[in-house]
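Position 541 of the sequence shown, counting from 1, maps to 1925 under this note's numbering, and the rest follow consecutively. Built from N, CA and C at the ideal position, the CB exists for glycine as well. Since the model is a prediction, treat every value here as computed from it, not as a measurement. Here is the structure we will look at.
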Amino acid sequence: MRIFLILFCLSSIGYGQETITITGKIGNQTAKAPLDKAIISIEGTSETCLSNSQGEFQLATSQEGAYILKISAPYYNTKRIPILLEAQNLSIGMITLTNDITIEQTDNLISLTESDLSEDDETVSLSAGLLQATKDVFLNRAAFDFGQAFFRVRGYDSQNGQVLINGIRMNKFFDGRPQWNNWGGLNDVIRNQEFSNGLETSDYTFGGILGNTNIDIRPSKLRPGIRLSSSASNRTYFGRLMATYTSGINTNGFGYTLSASRRWAKEGYIDGTLYDAYSFLGALEYQLNERNNILFTTILARNRRGRSSAITEEVFELAGNKYNPYWGIQNGAIRNSRERNVFEPIVMLNHYYKSKKIKVTSGASYQFGTNNRSRLGYFNAPNPEPTYYRYLPSFYINNPIGADFTNAELARDGFLNNRQLNWSNLYQANSSGKATYLYYNDTTDNTQITLSSAANLKLNANFKIDFGVNYQQLKSENYAEIKDLLGADFHEDIDPFSDTQNDVNGTLNKVEEDIFNYNYEMHASLLSGFAQLSFEKLKWLGFVSGTISSTKYQRNGLFLNERFIENSTEKSDELSFSNYGLKGGLTYKVTGRHWFKVNGAFINKAPVLQNSFINPRENNAVVPNIKSETISTADVNYFLRLPDLTGRISGFHSRFQNTTDINFFFVDSGVGSDFVQEVLTDLDKLHMGIELGLEYQISSQVKLSAVANVAKYLYASNPSVMINFDTAGAEEDLIDITGNIDLGTANIKNLRLAQGPQKAFALGIEYRDPKYWWIGATANYLANNYANISTITRTQSFFFDPDTGERFPDATEENVTNLLKQSRLDDFYLLNLVGGKSWLKNGKYISVFASINNAFDAVFRTGGYEQSRNGNFGQLQQDSLRDNPSFAPKYWYGFGRTYFLNLAISY
């Protein structure tokens, strides 16, 4: 084994070149034992090797001059040692690494990534989970400090990054994002990650422009032994218990890992948001020989939690930032009307091959299970939500015939006295037998098969080739299922607005566990391959990479919908996209401590499944003339690696073109009123800015950090807007008898994207005591965050009176501009505190970690969106005359002061 490791190190050096050999030994300072498989590398180069079972290493290099030697290992603090490479071998002696007592901080991060505040038509997606493996100070702050304000690195959605487990892609077809709940609660076994930032190369995939993370769950890569931990928090969950055992590889070549966790909360920081999750992982590894490993992995993670809603400023003033209208008390217990329940087990089989020249990672996975989102349905009955606009004071204040302050005060008192969902009233309304209210699930049952293989070939001292292939096939069943008739005997499956049947060939009256409203399948497949060439020669490093892919989507309707007799059932036309991507990068090392890097990419990609079919619940219609999206991006970077000062400054420019977006809402527009599907095409977006991250080691105990992000994320085009609607009902009530109308373009170019704070600054200080305790504080300032805009109000239809068809006389350009001014959220400060302590007692490693986020309990908004109900000038102007419009923007609020406490024992 020792010979193999030495050969592995030497394989990074060219033949026939004069080389310098760096030797030494790596040990565990706490346990006074050698460290196996520690990674020794020279910063700014690709030269690396591993220590052997005795902790010894030999790294041969052709570099000359001043460099930083970096020694790292999972679960340990990284050491950086200044070295001077001259024409002689170098021995650095014994180097000891200390246990990373900050490792529990990743548990805090993972709890944030699972809190994806979401509503049906507005979703906040995070990229923080992708960043937990990085040591880059800017990305570290982005994940652990800015993440609570839903900051996005470079403004990118998480669909622009890829997450892989054991080399197998985990991003979903539906929205392109990784579903973190599929492995949530398994923190102990997902810490071993390989992260490539931005356009950097990955051994396993071409990847996305945000970066790529591969989670390696092999037992041979995890620390052997038992780890027990218990956590308490007031964020998404109240308590957590976790236990993990890794056997190590025995003499017969077998090793296994078992991990389980339980997380729970009666309610989290936001009122009424229950949390109930169980997770289990089992991994069995068999080393056939020195070159071949086989791995079998099973992941079972069930997550059930109550959801919360964005609220208007009026509701916030009445009820505060913890308020959530989705829950009420039933039989003395909290019952949330909108729960999310995810259980999608994953079974994986992997083969690993490794020789001196080539490494091959192959795998197959089978994922199946259910994703449920519950809600209340109401039929020819009042809206049961307490924040419905007719129940609030603003409804009476904004009355077109004059403010009614008496009823407004009564509405205020009524809301304050009955501000939660009244479950008893729903049962009472259903006492006649036929359901006017029911509780149901929007259900997605997915079955997905993935096959992948990636190879990494070292051609010689200067060149390396990576290539791979990936195939994914999805069958997704989507339907609504009645879970509770709330005391009624049956539900009549008729659309209450058009009096038409949702399931012409099925039973009209539905009972609990029946499928109703909609029922269809989605089929999707992806075949992709990539190849990349990397090189290193003297002061130059570079790479070029390419990918090709074929994506196919098809809908199969299972309900004959009376509103769409011609195209609601059977299979739709198959959507097919052929795509490609190119990227490259070049690095120039001025010295071993200063280097510049330039990266660029042009990527052509298929739209995600959710933006391809206009209204898949009811029919087969697809977005007209749908196109592949294109991304062009470039970044310029300067890296500084001094013994006490490290940092990076980057400038980036990215343009997204031909994107598509689909929204669902009721609108009173200039062309009429209806429930519509709004389709945006030819939508371009521009992201540009500067990132800065600096870290200064004042002494061996004290470290300072400074981080800044100054950016702009803009709409870069005026997209085409079309609305679609059903044509059931009287012809005089229809917007258009064809079922759709082209509204032309929306004037949104240069408005800001709602992609989180576009300015962010942080100053941090950290103290690590030689007696194994540490504390840290970070002061953060976040600014230039914007609410998402309503697109339909920025089309020409907004100027017209739907009653007369004529333009509103007061709808001048100046008045419209003032009325539609984009809402900028308030800037805010956050102070975060962290600390920990560790002990080694009788061979047991004990650690305590604590964090307080938002120590000053600041109230701040993380995002929001304009409501589209007032889709014409006259109606929006009337609603905006008072301080609290009935259809004002809705906002999500961040957590106030929260804590996270963790106790762990390892042995």
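* Who are Lys1848's beta bridge partners in DSSP? -> Walking along the sequence shown from the start, residue 1848 turns up at place 464. Answer is Lys1842 and Ser1918, bridged to Lys1848.
* Which stretch, first to last residue, makes up the alpha helix (DSSP H) that contains Trp1807? -> Translated into positions along the sequence shown, residue 1807 becomes position 423. Per DSSP, Trp1807 belongs to the alpha helix (DSSP H) from Trp1807 to Ala1813.
* What is the DSSP secondary structure of Ile1610, reduced to helix, strand or coil? -> What you label residue 1610 is simply residue 226 of the sequence shown in a count that begins at 1. Correct three-state label for Ile1610: strand.
* Check the C-beta distance from Gly1761 over to Tyr1863 and give it rounded, since I have them as a contact under 8 Å. => Reading the sequence shown from its first residue, position 377 is the one you call residue 1761. Reading the sequence shown from its first residue, position 479 is the one you call residue 1863. Between Tyr1863 and Gly1761 the Cβ distance is about 14 Å, and since that is not below 8 Å, they are no contact.
* Would Gly2189 be called buried (16 or more neighbouring beta carbons within 10 Å of its own) or exposed? -> Translated into positions along the sequence shown, residue 2189 becomes position 805. When all chains shown are included, Gly2189 counts as exposed.
* Determine the contact status of Asn1995 and Thr2065, defining contact as a CB-CB distance below 7 Å. => Reading the sequence shown from its first residue, position 611 is the one you call residue 1995. Reading the sequence shown from its first residue, position 681 is the one you call residue 2065. Against a cut-off of 7 Å, the Cβ pair of Thr2065 and Asn1995 comes out as no contact.
* Please check the pair Leu1570 and Ser1631, which I expect to be a contact at CB under 8 Å, by giving their CB distance rounded to whole angstroms. => Walking along the sequence shown from the start, residue 1570 turns up at place 186. Walking along the sequence shown from the start, residue 1631 turns up at place 247. Going by Cβ atoms, the distance from Leu1570 to Ser1631 rounds to 17 Å, so no, they are not a contact pair.
* Apart from the five residues just before and just after Trp1799, which ones in its own chain have a Cβ nearer than 7 Å to its Cβ? -> Here residue 1799 corresponds to residue number 415 of the sequence shown, with the count starting at 1. Sequence check: residue 1799 is Phe here, not Trp. The answer, listed in chain order, is Leu1702, Pro1770, Tyr1775 and Leu1776.
* Within the same chain, show all residues whose beta-carbon is closer than 6 Å to that of Ser2089, passing over the 5 residues directly before and after it, in chain order. => Residue mapping note: residue 2089 aligns to position 705 of the sequence shown, counting from 1. Excluding residues within five positions, the ones whose Cβ falls inside 6 Å are Val1521, Glu2079 and Gly2148.
* What residues match up with Arg1719 in a beta bridge as DSSP calls it? -> Reading the sequence shown from its first residue, position 335 is the one you call residue 1719. Gly1712, per the DSSP bridge assignment.
* To do: Measure the Cβ-Cβ separation of Asn2131 and Asn2172 and say whether it is below 7 Å.
  => Indexing the sequence shown from 1 puts residue 2131 at position 747. Indexing the sequence shown from 1 puts residue 2172 at position 788. No, Cβ-Cβ distance for Asn2131 and Asn2172 is not below 7 Å.
* Asked: What is the DSSP secondary structure of Arg1386, counted as helix, strand or coil?
  -> Indexing the sequence shown from 1 puts residue 1386 at position 2. Residue confidence is low: Arg1386 scores 44 on pLDDT, short of 50, so the model does not pin down where it sits. Its coordinate-derived value is still stated next. In the structure shown, Arg1386 sits in a helix (DSSP, three-state: H, G or I).
* To do: Pull up the CB-CB distance for Tyr1710 and Gly1786, whole angstroms please, since I reckon it's below 8 Å.
  => Stepping through the sequence shown from its first residue, residue 1710 is reached at position 326. Stepping through the sequence shown from its first residue, residue 1786 is reached at position 402. Actually they are not in contact, since the Cβ atoms of Tyr1710 and Gly1786 sit about 34 Å apart, beyond 8 Å.
* Should Phe2284 be labelled buried (16 or more other beta-carbon atoms within 10 Å of its own) or exposed? -> Within the sequence shown, the letter at position 900 stands for residue 2284. Classification for Phe2284: buried.
* Quick one: which unbroken beta strand (DSSP E) runs of 3-plus residues sit fully inside the region 2050–2096? Chain order, please. => 2056–2081
* How would you call Pro2269, buried or exposed, if buried means at least 16 neighbouring beta carbons within 10 angstroms? -> Against the sequence shown, residue 2269 aligns to sequence position 885. Classification of Pro2269: buried, given that the 10 Å Cβ count is 16 or more.
* To do: Look at the alpha carbon of Asp2126 and the alpha carbon of Asn2042, and state the distance between them as a whole number of angstroms.
  => As a working mapping, residue 2126 is identified with position 742 in the sequence shown. As a working mapping, residue 2042 is identified with position 658 in the sequence shown. Their Cα atoms are separated by approximately 18 Å.
* Complete runs of the beta strand (DSSP E) confined to the region 1972–2044 [at least 3 residues] -> 1978–1989 and 2013–2025
* Span of the alpha helix (DSSP H) holding Phe1779? -> For the purposes of this step, residue 1779 is identified with residue 395 of the sequence shown, where counting begins at 1. Counting along the chain, the alpha helix (DSSP H) containing Phe1779 begins and ends at Pro1777 to Ile1781.
* To do: List the residues that DSSP assigns as beta-bridge partners of Pro1418.
  => If you number the sequence shown from 1, residue 1418 lands on position 34. Answer is Gly1411.
* To do: Determine the extent of the beta strand (DSSP E) in which Ala2161 is found, giving its start and end residues.
  => Locating residue 2161 in the sequence shown gives position 777, where the first residue counts as 1. Note, Ala2161: beta strand (DSSP E), Trp2157 to Ala2167.
* Sufficient close CB pairs (3 or more, under 8 Å) joining the region 1549–1564 to the region 1883–1898 -> no
* To do: Taking only the alpha-carbon atoms, compute the straight-line gap between Thr2305 and Gly1623 and give it to the nearest angstrom.
  => Residue 2305 lies beyond the range of the chain shown here (1385 to 2291); nothing can be said about it.
* To do: Measure from the alpha carbon of Leu1481 to the alpha carbon of each residue in Ile2121, Thr1462 and Asn1940, then state which is nearest.
  => By 1-based counting over the sequence shown, the position of residue 1481 is 97. Taking only the C-alpha atoms, the option nearest Leu1481 is Thr1462.
* Inspect the beta-carbon positions of Gly1965 and Ile1987 and report whether they are closer than 7 Å. => Within the sequence shown, the letter at position 581 stands for residue 1965. Within the sequence shown, the letter at position 603 stands for residue 1987. Yes, the Cβ-Cβ distance between Gly1965 and Ile1987 is below 7 Å.
* Asked: Do Arg1607 and Phe2036 have their C-beta atoms within less than 7 Å of each other?
  -> Residue 1607 sits at position 223 when you count from the first residue of the sequence shown. Residue 2036 sits at position 652 when you count from the first residue of the sequence shown. In this structure, Phe2036 does not lie closer than 7 Å to Arg1607 by Cβ.
* With a Cβ-Cβ cutoff of 7 Å, do Gly2031 and Gly2077 count as a contact? -> In the sequence shown, the residue the question calls residue 2031 occupies position 647. In the sequence shown, the residue the question calls residue 2077 occupies position 693. Yes. Within cutoff.
* Would you check if the region 1934–1952 and the region 1613–1629 touch, i.e. whether three or more CB-CB distances between them fall below 8 Å? => no
* To do: Would you identify the three-state DSSP class for Trp1924, choosing helix, strand or coil?
  => In the sequence shown, counting from the first residue as 1, residue 1924 sits at position 540. Residue state, collapsed to three classes: strand.
* Asked: Quick one: Cα of Leu1548 to Cα of Tyr1902, how far?
  -> In the sequence shown, residue 1548 corresponds to position 164, counting from 1. In the sequence shown, residue 1902 corresponds to position 518, counting from 1. One C-alpha to the other measures close to 33 Å.
* Check whether the region 2236–2243 touches the region 1746–1757, counting contact only when three or more Cβ pairs, one atom from each stretch, lie closer than 8 Å. => no
* Who pairs with Pro1562 in a beta bridge, going by DSSP? -> Looking up residue 1562 in the sequence shown gives position 178. Bridge partners of Pro1562: Asn1555.
* Drop a sphere of 10 angstroms on the beta-carbon of Met1478, count the other beta-carbons inside from all chains shown, and report buried for 16 or more, exposed for fewer. => For this step, residue 1478 is matched to residue 94 along the sequence shown. Met1478 is exposed by the Cβ-count criterion.
* **Neighbourhood of Gly2123 by C-beta distance below 7 Å, restricted to the same chain and skipping five residues each side** => For this step, residue 2123 is matched to residue 739 along the sequence shown. So the qualifying residues of the chain are Asn2108, Phe2109, Asp2110 and Thr2111.
* To do: With Val1731 as the anchor, note down where its beta strand (DSSP E) starts and where it stops.
  => Taking the first residue of the sequence shown as position 1, residue 1731 is located at position 347. Where Val1731 is concerned, the enclosing beta strand (DSSP E) stretches over Ile1730 to Lys1738.
* To do: Name the residue from Lys2087, Tyr2097 and Leu1841 whose alpha carbon lies nearest to the alpha carbon of Asp2153.
  => Here residue 2153 is taken as the residue at index 769 of the sequence shown, counted from 1. Nearest of Lys2087, Tyr2097 and Leu1841 to Asp2153, Cα basis: Lys2087.
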